[in-house]
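Residue numbers (the numbering used here), protein chains in the order written: chain A, 334 to 396; chain B, 648 to 1127.
All residues carry an ideal CB built from backbone N, CA and C; glycine is no exception.
Computed from a predicted model, the values in this text were never measured in an experiment.
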Amino acid sequence: MFGDPMRRLQVVILLALIAGFYFIPYTLLYKTRGLELFTYWTLLTLVTGLLSLIVLKNTSRGG
Amino acid sequence: MSVRIEFLLVFSIYIAIGSALATMSRRFFRGDIRDYYTGGGRLSALLAFGTYAATTYSAFMMVGLVGLTYATGVGALGFELAYLAFTIFFLSTIGYRIWALSRRHNWISPSQMLGEIYGSRLLESVVSSIYLFAMLPYLAAQIQGLKSIFTYGGLGELESVVISSIIAYVWIIIAGLWSVSITDTYQGFIMLFSGLAYLMWVLLALVPSTGNSLNNIISVISESGYLGLTKFWSLQVFLAYTIPWIFFAITNPQVVVRLYIPRDESSYKKSITYFFIYGLIYTLIVVVVGLVARGLAEVGFIPRNIPRDSVTPVLLSYMNPLLGSIIAVSIVAAAVSTANSIVLAVSGSLLAIIKGGKSEGLVLARVMDAIIVSLAAIIASANIGYIVDLSVLTSVILLPLAPVTIMGVYLNKKPGPIIRYSTILSIITGVGISTYYALVYGPRRAFLEQIMGLPLSLITLISSSIILLGGYVFEKLYSR
């Protein structure tokens, strides 16, 4: 599993994206006062969760 | 306060159904130690998901997180959803790897897993000791958090501690992980549906009864700044809260051990998908309730300075007693389902050391479970700090296990002595740092304390990772 360097890179990029995007509010959404932050974090979780599930779906014990 | 009849009725039904399910689960139980701690790796997707969800989401959600959102605003959503996103990521990558390895090794405990991967009995013993040290306060917090809920039902502190400890213990000893997973799944659904009922009541009954519309409440929360990043959620505080939690899935034994239980690949993958859906819905429910509570405080319907852990009990007092009792019992369910999983995980790690992989020892396992529950009940009676901070500090203490687990699971061959000793040094250093600051500042302050401009959790993680990486590099150089 994850023996393929491209696949390993894919996983590391996904991890970096998740980490980076959760902190975006501290630069771009710092001043917002409406529902923007609520919506942003909810949609971000939905997208990153689905991406992780796609990685899981394409993972097998041999591959 | 007199005993609330509705609470007693709902609570009795909850216990009766749970006990019936636990008893029924005995038909699946084969009576050996591996089955007692991991269900023999034979659980369906539904049970694997149910026990994972109910174990992960404790009374912290309906009590602590509602209060945290009420007190600090939408930043609490970012913190909790970051936890969920990283958990799904880890479960989809390293978690799958752990599940696949567990099929070959038949582990009953994560400490045993680390000990075998690194070929070190000493490491196994160190990790087991840390579980005991870190998980007891977390377990006690589960029991302690129920006092205010039982008070709602008209029961006293002593009854609260005794009753919750007995339920947790009995549902373990009936059939080990089988009775725990079936009652967990049952409790997980109670938690979700009660959460939905709580939200519906807040939005459709409570808010209109105050003479406000939902739009009005949203405007008020927005104007008061609680829909943005409040002063509380500085970047350092966000990091302090988030870092221990994002590694929760690979550091906390009660959830790591749940990676061993799905019966096949399909069950594993389905259980993670179900957990993601559950986690997202449950988190949103809890945070919306907390935000609306803040709105109601801003319009003057409830006080503005309610202690965090009292927000839900205050809201319960406005509810119809039957609905309030259902919500209160769902909080008991959340705590019990987390508590018995912790007991089982800690006792499994201790038993793995004592019995060294032998399959007998059920009596000893049940005795150890009783000792752990009793110790937690005693600690709970001593009244220790906020639920939120206690839970999060436990995860800080367990953080050094994250790099050790990640490296160990991806190692291609048995490591040499330098890596083996560096894992132990890495864990002891990380645990030592967090414990030192907890002793010096007290758990709550230590958790948010900045050391060289960084939160304690980040310092702990970096220190452990550097030592581990150093050991890896040295061994590579030495083995050439």
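Give the DSSP-derived three-state secondary structure of residue i in the structure shown.
i: PRO1102 (chain B); result: strand
i: PRO1090 (chain B); result: helix
i: PRO757 (chain B); result: helix
i: LEU690 (chain B); result: strand
i: PRO909 (chain B); result: strand
i: VAL1035 (chain B); result: Legend: pLDDT at VAL1035 (chain B) = 41, less than 50; position of this residue unreliable, no value from coordinates given.
i: GLY396 (chain A); result: Confidence is the limiting factor: at GLY396 (chain A) the pLDDT is only 44, short of 50, which leaves the residue's position unreliable and the question unanswerable from this model.
i: VAL1014 (chain B); result: helix
Return the Cβ separation of residue i and residue j in integer angstroms, given the expectation that the two are a contact with Cβ distance under 8 Å.
i: THR857 (chain B); j: THR698 (chain B); result: That pair is no contact at about 39 Å.
i: SER1042 (chain B); j: TRP892 (chain B); result: 6 Å
i: PHE707 (chain B); j: GLY800 (chain B); result: In fact, because the Cβ distance is near 20 Å, the residues do not count as touching under 8 Å.
i: PHE1094 (chain B); j: LEU1086 (chain B); result: So it is not a contact: roughly 13 Å between Cβ atoms.
i: PHE885 (chain B); j: PHE737 (chain B); result: No, PHE885 (chain B) and PHE737 (chain B) are not in contact; Cβ-Cβ is about 20 Å, not under 8 Å.
i: PHE733 (chain B); j: ILE357 (chain A); result: With a Cβ gap of about 16 Å, PHE733 (chain B) and ILE357 (chain A) do not count as contacting.
i: ILE764 (chain B); j: VAL1078 (chain B); result: Not confirmed; about 19 Å, so no contact.
i: LEU368 (chain A); j: PHE354 (chain A); result: That belief does not hold up - the Cβ atoms of LEU368 (chain A) and PHE354 (chain A) are roughly 18 Å apart, past 8 Å.
i: ALA701 (chain B); j: GLY835 (chain B); result: 4 Å
i: GLU382 (chain A); j: PHE780 (chain B); result: The amino acid occupying residue 382 (chain A) in the given sequence is Gly; Glu does not appear at that position. Not quite, the Cβ-Cβ distance comes to about 33 Å (not below 8 Å), so this is no contact.
i: ALA940 (chain B); j: VAL958 (chain B); result: 5 Å
i: ARG768 (chain B); j: GLY688 (chain B); result: Contact flag wrong, Cβ pair sits at about 23 Å.
i: ALA669 (chain B); j: ALA822 (chain B); result: 7 Å
Here's the rule: buried if 16 or more other CB atoms are within 10 angstroms of the residue's CB, otherwise exposed. What is residue i?
i: MET1015 (chain B); result: buried
i: ALA1029 (chain B); result: exposed
i: VAL1120 (chain B); result: exposed
i: PRO1047 (chain B); result: buried
i: ALA1051 (chain B); result: According to the sequence as given, residue 1051 (chain B) is Val; it is not Ala. With 16 or more other Cβ atoms within 10 Å, it is buried.
i: ILE1034 (chain B); result: Interpretation of ILE1034 (chain B) is limited by its pLDDT of 43, a score under 50 that renders its predicted location unreliable; the figure taken from the coordinates is listed afterwards. Classification of ILE1034 (chain B): buried, given that the 10 Å Cβ count is 16 or more.
i: LEU805 (chain B); result: exposed
i: ASN1059 (chain B); result: exposed
i: SER828 (chain B); result: buried
i: GLY665 (chain B); result: buried
Would you kindly check if the distance between the Cβ of residue j and the Cβ of residue i is under 9 Å?
i: SER705 (chain B); j: ALA982 (chain B); result: yes
i: LEU724 (chain B); j: THR716 (chain B); result: yes
i: PHE895 (chain B); j: TYR730 (chain B); result: yes
i: ARG674 (chain B); j: VAL1056 (chain B); result: no
i: GLY875 (chain B); j: LEU361 (chain A); result: no
i: LEU882 (chain B); j: TYR359 (chain A); result: yes
i: LEU861 (chain B); j: LEU846 (chain B); result: no
i: ALA986 (chain B); j: LEU802 (chain B); result: no
i: LYS1002 (chain B); j: LEU1011 (chain B); result: yes
i: VAL710 (chain B); j: PRO1062 (chain B); result: no
i: LYS628 (chain B); j: LYS390 (chain A); result: With chain B represented from 648 up to 1127, any question about residue 628 (chain B) goes unanswered, as that position is not in the structure.
i: ILE919 (chain B); j: LEU694 (chain B); result: no
i: ALA887 (chain B); j: LEU712 (chain B); result: no
i: GLY1118 (chain B); j: THR1070 (chain B); result: yes
i: VAL657 (chain B); j: SER984 (chain B); result: no
i: TRP848 (chain B); j: MET966 (chain B); result: yes
i: ALA975 (chain B); j: ILE790 (chain B); result: no
i: SER841 (chain B); j: THR392 (chain A); result: no
i: TYR684 (chain B); j: LEU963 (chain B); result: no
i: ILE978 (chain B); j: VAL774 (chain B); result: no
i: VAL1129 (chain B); j: MET782 (chain B); result: Residue 1129 (chain B) lies beyond the stretch modelled for chain B, which goes from 648 to 1127, so this question has no answer here.
i: ILE1066 (chain B); j: GLU1122 (chain B); result: yes
i: SER871 (chain B); j: GLU945 (chain B); result: yes
i: SER756 (chain B); j: PRO900 (chain B); result: yes
i: SER385 (chain A); j: ILE735 (chain B); result: yes
Can you pull the chain B residues whose beta carbon is under 7 Å from the beta carbon of residue i, in chain order?
i: THR378 (chain A); result: LEU728, LEU731, ALA732 and LEU927
i: LEU348 (chain A); result: PHE736
Would you say the beta carbon of residue i comes nearer than 8 Å to a heavy atom of the ligand ATP?
i: LEU839 (chain B); result: Here there are no bound small molecules, and the ligand ATP is not part of this structure.
Could you list which residues in chain B have their beta carbon closer than 8 Å to that of residue i, in chain order?
i: GLY382 (chain A); result: LEU731, ALA732, ILE735, PHE923 and LEU927
Closer than 8 Å by beta-carbon distance: list the chain A residues that pair up with residue i, in chain order.
i: GLY725 (chain B); result: TYR355, PRO358, LEU370 and TRP374
i: VAL936 (chain B); result: Correct list: empty, because the minimum Cβ distance to chain A is about 13 Å.
i: LEU931 (chain B); result: THR375
i: LEU882 (chain B); result: PHE356 and TYR359
Give the residues of chain A in contact with residue i, contact being defined as C-beta atoms less than 7 Å apart.
i: LYS916 (chain B); result: LEU389 and LYS390
i: VAL721 (chain B); result: LEU370 and PHE371
i: THR670 (chain B); result: By Cβ distance, chain A contributes nothing, its closest Cβ being about 35 Å from THR670 (chain B), past 7 Å.
i: GLY1118 (chain B); result: Ordered by position in chain A, no residue passes the 7 Å Cβ test against GLY1118 (chain B), which lies about 22 Å from the chain.
Kindly list, in the order they appear in chain B, the residues whose Cβ is closer than 9 Å to that of residue i.
i: LEU386 (chain A); result: ILE735, SER739, LYS916, ILE919, THR920 and PHE923
Taking Cβ-Cβ distances shorter than 9 Å, what residues in chain A pair up with residue i?
i: SER869 (chain B); result: ARG366, GLY367 and LEU368
i: LEU874 (chain B); result: THR365, ARG366, GLY367, LEU368, GLU369, LEU370 and PHE371
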